[in-house]
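Engineer: In this note's numbering, the protein residues as written are 561 to 754.
(1) Check each candidate in 696, 738, 646, 748 and name the one with the smallest Cα separation from residue 632.
(2) Look at the alpha carbon of residue 663 and the alpha carbon of residue 685, and state the distance between them as a whole number of angstroms.
(3) Rank 679, 650, 667, 707 by C-alpha distance to the C-alpha of residue 689 and give the top, closest one.
(4) Count Cβ pairs between the stretch 651 to 669 and the stretch 714 to 724 that sit closer than 8 Å; are there 3 or more?
(5) Please report how far the alpha carbon of residue 701 lies from the alpha carbon of residue 674, in whole angstroms.
(6) For residue 756, collect the residues of the same chain with a Cβ closer than 6 Å to its Cβ; drop the 5 residues on either side in sequence, then sort them by chain order.
(7) Could you compute how far the alpha carbon of residue 767 sits from the alpha carbon of residue 623?
(8) Does the distance from the CB of residue 660 to the CB of residue 724 come in under 7 Å?
(9) Pull up the CB-CB distance for residue 712 and residue 736, whole angstroms please, since I reckon it's below 8 Å.
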């Protein structure tokens, strides 16, 4: 049972990556005191409280804003959900697009995952591909892929964005998506979904 506890600690605190846990020598090399020392060192390195101390971010406590016309077309509301911190390398926001609204072209240095919570979300990439996602669908965008996302022409769209952070940056905004690009992406996505 003690070994199982140590293996669990190793997984939670990444001790295996620190060279402190080897499958062939768990009994001889890992003791509870070494596990505690490694845990303390790892926490000190991350400069965070004990992992058992959860955080609660109240809805609306980080504020929201209307999408700036330099990076969005149409009416868009963005509400911050949580920020990246010492142990979480991504932030999150709830993004609400009115019918036909969309982001500008952009990239993410550490990628982005979108979870559609309402309506339809249209997403397109610079290589001409386009998809239409509905409630419950997940859109995964790898790092540095030029893309956009927004609502469809028929309904509003809402998604939760989980955006990776690299070197304190999470997005690089580019030019606006033209009406022509948006309509073409919508047609391709509709054709693909049939």
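Glycine included, C-beta positions come from ideal geometry on N, C-alpha and C.
Please read all numbers here as calculations on a predicted model, not as lab measurements.
Structural biologist: On the basis of the data shown:
(1) 738
(2) 12 Å
(3) 707
(4) yes
(5) 8 Å
(6) Residue 756 cannot be examined here, being either before or after the span of the chain that is shown, 561 to 754.
(7) In the structure as shown, the chain begins at 561 and stops at 754. Residue 767 is therefore absent and cannot be evaluated.
(8) no
(9) Rounded, the Cβ-Cβ distance is 18 Å, inconsistent with contact.
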